[in-house]
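In our numbering, the protein residues as written are 856 to 1513.
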């Protein structure tokens, strides 16, 4: 729960309050439909919450009300009078069972921290839960990666330790149900450098959390109850704890959390472990590094490399850092050519020439360009977080400037039969994903209300969202008619209001439809309620469903087909390249029809460079041919036959936020 408002919401979202009385419409933000927080005035005379307006302006350049051209820099704080009126609104303590106090909104935080018995009880219960999850259940993992490999499903270790810093593994054993168009053989270019296998490293990461309840800021997919099997990072959110650390990237497989092996747990169990990590988070992750080549120097200098974190603080957005970035002719990625004398980076003294830039502000630049790095730096207001790889103990040659986008090793053939990065075969007792694992029902809610009475809900999603989500309820406020009625709940998918279809609207169209129809004496809402997740631990699942205002990834998977939004992704490649992704799923006699999912995206390949395809995406069709009912042996040839271009029709659901 948030320590300022006492309610559960995303870190980047506004605080939530339970207002005692109906709030005047003049004090309502017309983006979130809640009383204004940090109000900002536009030149055209409208007022919005700062966070609402900031999020809106990231995608649009006009005012949400009158659509006049607008930029955030043109807006300014509302007058002190307006801010004081908002701060004096009377709110109820969110811990209504233990505390029935009312107070001004500006006094709630102090009340929670110093006087509220409910919040005190909540914090004490939280402390009791901080005991290590694995205490008494498992022996702690061996810290020396030279002597013991992490346990993975499949009956034995599949990672071979090469050094104390990382375990390097060639992934060569096929997993049943797994196909890898990334690893196809080619008949051409036999004299070119050969890619023999996919190389991955296990890395142990320790992150200290200032607030143990703060979101880590990444989205995950997978779990033993899905075809993906393992827990895979789908996305790292900007300005999050994980992004600031910089060592975790999309596509990484999470093997352990605080010493607990999560490579064979359900999706909901993995979410629970990652949402309650305690003050120090220990992760063991498997990170794919791309294809290995038959060179004598492979990993010869691995022991002399170190990853360094550097933070530079700009006084304003326009201040330059004084860094010249280039690409090399013989190695992918971005390197520091020079630090300008007197510049911010030179004064800081922690960056050096020849450093390789792995990420900036959590944005993966291992295969990036200097232009992409410059764009990230220029768009950053203050803190610029670098993660760099430095060669120590050897003299590096001077980097040569090169305008080319890839080296001679970026193309070539690969061996077939690449398998799962985590295990060679599934355990016999492992359950597999089925479309009907989520149970839901349609419901119609008809209520009578006063014309000025609000519905009292906040919503998320919309077809303008990057994942093209349906509209869903993020909170039900205690001041509206829907809270009094009790049938609409957090997480419900809204289908229509007074006969107006909401399933194809974008967020702002949906807000407008809800607001205009709320002015009538009666409202009829059609909604889809998620009843349960098919699991042996329903209480765990339901608890985690309410942790975030956004539903879990497996909840989205189980929605009926008419709520799925398909999009086409076109990939292009050279004759000697692989597509660069692996898939799981498809028809099997023992399991019936299962969807195809993207499991792996290999660094340096067309799928990786395109950046539209994500781990956990469901493949619906290939070049317009539906994939439903196909087996692996039918879909693989279709993908391999496409020499230079392929169109994948996919459904992309956001991973569960942790």
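All C-beta atoms, glycine included, are put in the ideal place defined by N, C-alpha and C.
Straight-line gap, residue i to residue j (C-alpha atoms, nearest Å)
i	j	result
residue 1299	residue 1459	50 Å
residue 1109	residue 1164	21 Å
residue 1431	residue 1361	41 Å
residue 1447	residue 1439	14 Å
residue 1380	residue 1338	14 Å
residue 1066	residue 1501	45 Å
residue 877	residue 1205	55 Å
residue 1086	residue 1239	29 Å
residue 1421	residue 1415	13 Å
residue 1366	residue 1496	46 Å
residue 1437	residue 1479	19 Å
residue 1139	residue 1063	15 Å
residue 1469	residue 1223	17 Å
residue 920	residue 884	11 Å
residue 1482	residue 929	49 Å
residue 1078	residue 1474	18 Å
residue 1177	residue 1508	40 Å
residue 1088	residue 922	37 Å
residue 966	residue 948	9 Å
For residue i, three-class secondary structure by DSSP
i	result
residue 1166	strand
residue 1296	strand
residue 1312	strand
residue 1027	For residue 1027, the pLDDT reaches just 34, beneath the cut-off of 50, and the residue's location in the model is therefore unreliable, leaving the point undetermined.
residue 1281	Low confidence applies here, because residue 1281 scores a pLDDT of 31, under 50, leaving its location unreliable; read the following figure in that light. If DSSP states are grouped into helix, strand and coil, residue 1281 belongs with coil.
residue 917	strand
residue 1069	coil
residue 1450	coil
residue 1428	coil
residue 928	helix
residue 1238	strand
residue 1444	coil
residue 1416	helix
residue 1508	coil
residue 1514	This structure does not reach residue 1514, given that the chain is present from 856 up to 1513, and the question cannot be answered.
Nearest neighbour of residue i, chosen from the options [CA to CA]
i	options	result
residue 872	1496, 950, 1190 and 1353	950
residue 905	875, 938 and 1469	938
residue 940	914, 922, 890 and 913	890
residue 1333	1326, 1316, 1343 and 895	1343
residue 1441	1488, 1455 and 1419	1488
residue 869	894, 1456, 881 and 875	894
residue 1312	1336, 1486, 958 and 1469	1336
residue 1198	1189, 1179, 1213 and 1188	1179
residue 945	1443, 933, 960 and 952	960
Per-residue burial, residue i [other beta carbons within 10 Å of its own, 16 or more giving buried]
i	result
residue 1119	buried
residue 1517	Past the edges of the chain, shown from 856 to 1513, lies residue 1517, and the structure says nothing about it.
residue 1111	buried
residue 936	exposed
residue 1100	buried
residue 943	exposed
residue 1304	buried
residue 838	In the structure as shown, the chain starts at 856 and stops at 1513, and residue 838 therefore has no counterpart that could be examined.
residue 903	buried
residue 963	buried
residue 1175	exposed
residue 861	buried
residue 1499	exposed
residue 1161	exposed
residue 955	exposed
residue 1168	exposed
residue 1445	exposed
residue 1355	exposed
residue 1301	exposed
residue 1107	buried
residue 1494	buried
residue 1327	buried
Nearest-angstrom beta carbon gap, residue j and residue i [assumed within contact, 8 Å]
i	j	result
residue 1547	residue 1131	Outside the modelled stretch of the chain, which goes from 856 to 1513, sits residue 1547, for which no answer is possible.
residue 1426	residue 1465	6 Å
residue 1296	residue 1384	6 Å
residue 1511	residue 1097	Going by Cβ atoms, the distance from residue 1511 to residue 1097 rounds to 14 Å, so no, they are not a contact pair.
residue 1201	residue 1194	4 Å
residue 917	residue 886	Wrong, their Cβ atoms sit about 13 Å apart, outside the cutoff.
residue 1227	residue 1220	7 Å
residue 1231	residue 1209	Going by Cβ atoms, the distance from residue 1231 to residue 1209 rounds to 21 Å, so no, they are not a contact pair.
residue 1102	residue 1242	7 Å
residue 1207	residue 1172	Going by Cβ atoms, the distance from residue 1207 to residue 1172 rounds to 25 Å, so no, they are not a contact pair.
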